[in-house]
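Working notes, structure below.
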Amino acid sequence: MTSNQLTFCRSRFTIEAMYVGQVSGTVVATIKHAAFNGRKLLIVDRLGEDGTPTGSYDICVDTVQAGMGDKVLVLDEGNGARQVLNMKVAPIRAVIVGIV
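Counting along the sequence shown from 1, when you hit position 5 you're at 11 in the working numbering, and nothing is skipped either side.
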């Protein structure tokens with residue numbers, strides 16, 4: 007694959023690394039990866055530019071004590087999420103980094 011083809015592929019599927027969402031629920035798991043032990047997991051609905059739900063959601067690690075209904079800023083990129091949590095290896099992709 008040439009660099010031009012790679013650039014074309016990436017531009018067709020634009021994914022935003024950060025977005026504003028709204029907390030719609032919590033996740034409870036009796037069996038989970040050790041990286042999630044002691045961490046609060048929340049369901050966050052993505053919001054569009056006009057502030058309405060887009061229909062997609064993520065399960066996010068909460069780092070700011072967000073609650074139900076809060077509008078939050080989500081970092082949805084694995085390497086950045088692990089850096090926020092100060093973890094070198096973990097199956098974590100999305101982290102709540104702020105309350106809007």
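From the three backbone atoms N, C-alpha and C, an ideal C-beta is built for every residue, glycine too.
The structure displayed is predicted, hence computed values, not measured ones.
Next on the checklist: Ile102 and Asp68 - do their beta-carbons sit closer together than 8 Å?
Outcome noted: Along the sequence shown, one-based indexing puts residue 68 at 62. Along the sequence shown, one-based indexing puts residue 102 at 96. It is a contact, given that the beta carbons lie within the stated cut-off.
Next on the checklist: Taking the straight line between their C-alpha atoms, what separation do you get for Ala35 and Arg45?
Outcome noted: The count along the sequence shown starts at 1 and reaches residue 35 at position 29. The count along the sequence shown starts at 1 and reaches residue 45 at position 39. Taking the straight line from one Cα to the other gives about 11 Å.
Checklist entry - What span of residues does the alpha helix (DSSP H) with Ala96 cover, start to end? => result Working through the sequence shown from its first residue, we reach residue 96 at position 90. Element bounds for Ala96: n/a, residue is neither H nor E.
Next on the checklist: Is it buried or exposed, Gly75, if we count other Cβ atoms within 10 angstroms and call 16 or more buried?
Outcome noted: In the sequence shown, counting from the first residue as 1, residue 75 sits at position 69. Exposed.
Next on the checklist: My parser needs the beta strand (DSSP E) runs of 3 or more residues fully inside the segment 22-105; what are they?
Outcome noted: 24-33, 47-53, 59-68, 77-82, 100-105
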